[in-house]
Amino acid sequence: SQTIHQWPATLVQPVGSPLSLECTVEGTSNPNLYWYRQAAGRGLQLLFYSIGIDQISSEVPQNLSASRPQDRQFILSSKKLLLSDSGFYLCAWDSGVGTDTQYFGPGTRLTVL
Amino acid sequence: KQEVTQIPAALSVPEGENLVLNCSFTDSAIYNLQWFRQDPGKGLTSLLLIQSSQREQTSGRLNASLDKSSGRSTLYIAASQPGDSATYLCAVSSGGYNKLIFGAGTRLAVHP
């Protein structure tokens, strides 16, 4: 069966510090991968999606970047965090075949102080 | 631009009631619609997926319907239980590559 992991589970970082969040998927190959953010009082918003290694598309202009160095690994990064980067970050995957069910990871709670 | 709205924003009911949660979307050109459940501080659990060509899907006590032409979906929960307490999110895929656009959710509390 397929599983999706995210770490760390929680993170508290000062403004201006770098960020690296990791997501890995097991039990499938060549998945589509997604990063979403759920900010306080706001809905889930798609940040990045990837259909393959080194193929990343950004949905909204922001202070963040994403990379996919391996087929089942998706990384969210920032060089300098802003207060507005605080939120709950969720990674998701689907099979990449048609319009399949999307499965979400457990999330990372990021607080920028 | 696709927008997804969920009504009501919050709902509190006694155990055993049948519930209807509503979701509407502005652009009927969707590929699919998914209903998710989110427990506090947790990730999303997929409940039901309805393809654009389908009218409804059922899983246990859950039934989701889709009326694409009117831009509406409903999630029906039969015989609600305290364990059903969570936030329910509706999302549509309409921009290619299964990119999901979410509603703000309905926060459900089922009390014994």
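Protein sequence lines correspond, in order, to chains A and B. Just so you know, we're using this note's numbering here: the first sequence kicks off at 958 and counts up by one. Just so you know, we're using this note's numbering here: the second sequence kicks off at 1255 and counts up by one. For every residue, glycine included, the Cβ atom is placed at its ideal position computed from N, Cα and C. Please read all numbers here as calculations on a predicted model, not as lab measurements.
C-beta neighbour in chain A for residue i, strict 8 Å
{"i": "B/G1357", "result": "yes"}
{"i": "B/Y1342", "result": "no"}
{"i": "B/Q1256", "result": "no"}
{"i": "B/Q1288", "result": "yes"}
{"i": "B/S1327", "result": "no"}
{"i": "B/S1300", "result": "yes"}
{"i": "B/G1314", "result": "no"}
{"i": "B/L1303", "result": "yes"}
{"i": "B/L1354", "result": "yes"}
{"i": "B/K1296", "result": "yes"}
Exposed unless 16 or more other CB atoms sit within 10 angstroms - verdict on residue i
{"i": "A/T1068", "result": "exposed"}
{"i": "B/K1353", "result": "buried"}
{"i": "A/W964", "result": "exposed"}
{"i": "A/F1017", "result": "First, the amino acid is wrong: residue 1017 of chain A is Val here, not Phe. By the 10 Å Cβ count, A/V1017 comes out exposed."}
{"i": "B/G1314", "result": "exposed"}
{"i": "B/G1350", "result": "exposed"}
{"i": "A/R1025", "result": "buried"}
{"i": "A/S1014", "result": "exposed"}
Any chain B beta carbon closer than 8 Å to residue i
{"i": "A/I1060", "result": "In the sequence under discussion, the amino acid at residue 1060 of chain A is Tyr, which differs from the Ile named in the question. Answer yes: the Cβ-Cβ gap between A/Y1060 and chain B drops below 8 Å somewhere."}
{"i": "A/D1028", "result": "no"}
{"i": "A/P1063", "result": "yes"}
{"i": "A/N989", "result": "yes"}
{"i": "A/G984", "result": "no"}
{"i": "A/G1000", "result": "yes"}
Sequence-distant residues of its chain with Cβ nearer than 6 Å to residue i (five each side left out)
{"i": "B/I1261", "result": "N1276"}
{"i": "A/S974", "result": "L1038"}
{"i": "B/N1272", "result": "A1332"}
Whether residue i touches residue j by CB criterion (8 Å)
{"i": "B/D1281", "j": "B/Q1256", "result": "yes"}
{"i": "B/Q1292", "j": "B/A1332", "result": "no"}
{"i": "B/I1304", "j": "B/N1286", "result": "yes"}
{"i": "B/L1320", "j": "B/W1289", "result": "no"}
{"i": "B/V1267", "j": "B/C1344", "result": "no"}
{"i": "A/G1000", "j": "B/G1297", "result": "no"}
{"i": "A/S1007", "j": "A/L1021", "result": "no"}
Close Cβ partners of residue i (< 8 Å) along its chain, the five nearest in sequence each way excluded
{"i": "A/G984", "result": "S958, Q959, T960"}
Chain-order list of residues whose beta-carbon lies under 7 Å from that of residue i (same chain, five-residue window excluded)
{"i": "A/D1028", "result": "S986, N987, I1010"}
Quiz item: For the stretch 1002-1015 of chain A, which residues have a beta carbon sitting closer than 7 Å to at least one beta carbon of chain B?
Solution: L1003, Y1006, I1008
Quiz item: Of the residues that make up the stretch 1038-1052 of chain A, which ones have a beta carbon closer than 7 Å to any beta carbon in chain B?
Solution: L1047, D1051
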